[in-house]
Amino acid sequence: MITTILTIPTLLFLAAHAFRMGCSGGAVFWLTAGFLAIAPVPWKSWALAGLLGFGSWLWADVTFTLVQQRIAFGLPWVRLAAILGTVTLVCLAAAILNWRRARVSGWPGSSVQASAFLLTVTGLAIAREKTSLDIILLDRFFPSGGWIAIILLGWYAAWIAGKMLRPGNSAKWRRTIWTVFSAVFFLQLGLGLLGFERFLMTGSLHLPIPALIAAGPLYRGDGFFMIILFAVTLVLVGPAWCSHLCYIGAWDNLAAEGKKKPGALPGWTTTGRWLICLAVLATAILLGRSGQPLFTAVALAAVFGLLGIVIMLTWSRRSGIMTHCTTYCPMGLLANIFGKINPWRIRIDEKCCRCGICTRSCRYGALTVRDIEGGKAGLNCSLCGDCISGCPHGHLHYRFPGLGNEAARSCFIVVIVALHALFLGVARL
0 MITTILTIPT LLFLAAHAFR MGCSGGAVFW LTAGFLAIAP VPWKSWALAG
50 LLGFGSWLWA DVTFTLVQQR IAFGLPWVRL AAILGTVTLV CLAAAILNWR
100 RARVSGWPGS SVQASAFLLT VTGLAIAREK TSLDIILLDR FFPSGGWIAI
150 ILLGWYAAWI AGKMLRPGNS AKWRRTIWTV FSAVFFLQLG LGLLGFERFL
200 MTGSLHLPIP ALIAAGPLYR GDGFFMIILF AVTLVLVGPA WCSHLCYIGA
250 WDNLAAEGKK KPGALPGWTT TGRWLICLAV LATAILLGRS GQPLFTAVAL
300 AAVFGLLGIV IMLTWSRRSG IMTHCTTYCP MGLLANIFGK INPWRIRIDE
350 KCCRCGICTR SCRYGALTVR DIEGGKAGLN CSLCGDCISG CPHGHLHYRF
400 PGLGNEAARS CFIVVIVALH ALFLGVARL
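Throughout the sequence shown, residue numbering follows numbering that gives the first Met the number 0, covering 0 to 428 in sequence.
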């Protein structure tokens, strides 16, 4: 009880300070965070410990800055230091009490949910404060609305992390949130096409074709934001960009699910995807260097994108394999190759009974008989984790150096769910 009594006024003090400094958004953030203190969610103590820990650092920084200013102008400073120092200590005490309560409660998965909340809030807050664009959609419609969106997306991330922690549920929830992200992305695109330009990040439009993430900069010679974002994602979660964060991949997944049992990819598709990738990148370079008009490049890109949809509706639907992602899309191959820089892997332990159920769970064709015999998923693996969810014997695991199987899976869920929530918050083109 004392923890809650101390926490709520501390959050109100932080809100009041933000408002006094002219940061109404910060005030909204701390006020909204106050609802967490009375919310019936098991992960709130971990989350509040993190927020109040940051609040303590904030008060300490304010104290140091104001005391320095007073000393520089020859003004009295001891009373100010005592007052603000006390506020800092109270905030720190509230953080410690919440941390202790979280440790004592021992609710399974609460630290994972809180970590997803804090990572989402931190990432979105940094994105909002460090970019010149109104990168959070609500900021374009309501003053300081972005801060409310940040808190709500943090709650959403914590909720999703809790759902995905259960291995039996994770495959279903991954596909659900992936589809939701794609729907939000294309809903905003549709609204932008109808003339509501505030739904577009820059107010301008480009084709939503994943191949253009790499081909676009090669053609233009500039505009590297998306390829940098893609690269950062590979560093954080490897090829999981393809199974969680790609706005087109969800379509291919829906098409492949039309067949209950996935088939096998023809042997020539391995060479074919390399040739397609090289052809796309080479074409982009040649178009740019030869000075071809933008219309030509856009027309070719549109044809490429439409052909990809045809592949989904025909080949993926008939085979049960995501052939667009595993054979046609250049970004899929680039993610598989350069995603190896990230140490997360899916491994099959030595107790595997070779029942083949995991093969039927994999829509990427990454668990062939040869892959299973080798004890690891093949090149096409996107770390989706559906095989882990599908294995009734518990013989497939996420692996990360220095972590046990459960810890590796929990950390992966935290990072990928936070990235999903962040991408959802800034899904506009």
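Ideal Cβ placement from N, Cα and C applies to all residues, glycine included.
**Asked** Are residue 239 and residue 226 close, meaning C-beta to C-beta below 8 Å?
**Response** no
**Simplified DSSP assignment, three categories, for residue 259** = coil
**Prompt:** Buried or exposed: residue 70, going by 16 or more other Cβ atoms within 10 Å of its Cβ?
**Reply:** exposed
**Request:** Would you identify the three-state DSSP class for residue 91, choosing helix, strand or coil?
**Result:** In this structure, DSSP gives residue 91 a helical state, which the three-state scheme calls helix.
**Message:** Based on DSSP bridge pairs, tell me the residues matched to residue 1.
**Reply:** None, per the DSSP bridge assignment.
**Whole-angstrom distance between residue 58 and residue 42, CA atom to CA atom** = The alpha-carbon atoms of residue 42 and residue 58 are separated by roughly 25 Å.
**Request:** Compare the C-alpha of residue 191 against each of 244, 218, 136 and name the closest.
**Result:** 136
**Asked** Is the Cβ-Cβ distance between residue 288 and residue 320 less than 8 Å?
**Response** no
**Message:** Could you compute how far the alpha carbon of residue 47 sits from the alpha carbon of residue 109?
**Reply:** So the alpha carbons of these two residues sit roughly 12 Å apart.
**Message:** For a test of the three-state rule: what should DSSP assign to residue 155, helix, strand or coil?
**Reply:** helix
**residue 120 and residue 150 closer than 8 Å at C-beta** = yes
**Message:** What does DSSP give as the partner residue(s) for residue 375 in the beta ladder?
**Reply:** Residue 375 is bridged to 346.
**Request:** Please say whether residue 311 and residue 254 have beta carbons closer to each other than 8 Å?
**Result:** yes
**Prompt:** Can you name the residues that DSSP bridges to residue 395?
**Reply:** 347
**Prompt:** How should residue 169 be labelled, buried or exposed, when 16 other C-beta atoms within 10 angstroms of its C-beta is the threshold for buried?
**Reply:** Label assigned to residue 169: buried.
**Request:** Helix, strand or coil for residue 49, going by three-state DSSP, please let me know.
**Result:** helix
**Asked** Between which two residues does the alpha helix (DSSP H) harbouring residue 171 extend?
**Response** 166 to 192
**Asked** Could you give the C-beta distance for residue 218 and residue 296, rounded to a whole number, given that I count them as a contact under 8 Å?
**Response** 6 Å
**Asked** How many whole angstroms separate the CB atoms of residue 357 and residue 395, which I take to be in contact at a CB cut-off of 8 Å?
**Response** 6 Å
**Request:** Return the Cβ separation of residue 139 and residue 99 in integer angstroms, given the expectation that the two are a contact with Cβ distance under 8 Å.
**Result:** Contact doesn't hold; Cβ gap of about 41 Å is too wide.
**Asked** What is the C-beta distance between residue 160 and residue 112, in whole angstroms, given that I count them as a contact (C-beta under 8 Å)?
**Response** 5 Å
**Asked** Going by beta carbon distance, what residues of the same chain come within less than 6 Å of residue 279, once the five residues before and after it are set aside?
**Response** 210, 214, 329
**For residue 61, the nearest candidate out of 185, 75, 86, 130 (CA to CA)** = 86
**Message:** For a quick check, are the C-beta atoms of residue 244 and residue 418 less than 8 Å apart?
**Reply:** The answer is yes: Cβ separation under 8 Å.
**Message:** Would residue 412 and residue 79 be called neighbours here (beta carbons separated by less than 8 Å)?
**Reply:** Here residue 412 is not near residue 79, since their CB atoms are 8 Å or more apart.
**Selection from 34, 347, 106, 156 that minimises the alpha carbon distance to residue 424** = 156
**Asked** Which of the three DSSP states, helix, strand or coil, is assigned to residue 273?
**Response** helix
**Request:** With residue 112 as the anchor, note down where its alpha helix (DSSP H) starts and where it stops.
**Result:** 109 to 129
**Inter-residue spacing [alpha-carbon to alpha-carbon] between residue 340 and residue 115** = If you take the alpha carbons of residue 340 and residue 115, they lie about 23 Å apart.
**Request:** In angstroms with no decimal places, state the Cα-to-Cα distance between residue 202 and residue 373.
**Result:** Residue confidence for residue 202 is low, a pLDDT of 49 falling below 50, so the modelled location carries little weight and cannot support an answer.
**Alpha carbon of residue 231 to alpha carbon of residue 410, nearest angstrom** = Rounded to whole angstroms, residue 231 to residue 410 spans 17 Å at the Cα level.
**Message:** Please report the distance separating the alpha-carbon of residue 414 from that of residue 118.
**Reply:** 8 Å
**Request:** Pick out whichever of 104, 216, 23 has its Cα sitting closest to the Cα of residue 40.
**Result:** 104
**Asked** Is residue 303 buried or exposed, if buried means 16 or more other CB atoms sit within 10 Å of its CB?
**Response** buried
**Request:** Give the secondary structure of residue 324 by DSSP, where H, G and I count as helix, E and B as strand, and everything else as coil.
**Result:** helix
**Asked** Where does residue 354 sit, in a helix, a strand or coil, going by DSSP?
**Response** Taken through DSSP and simplified to helix, strand or coil, residue 354 comes out as coil.
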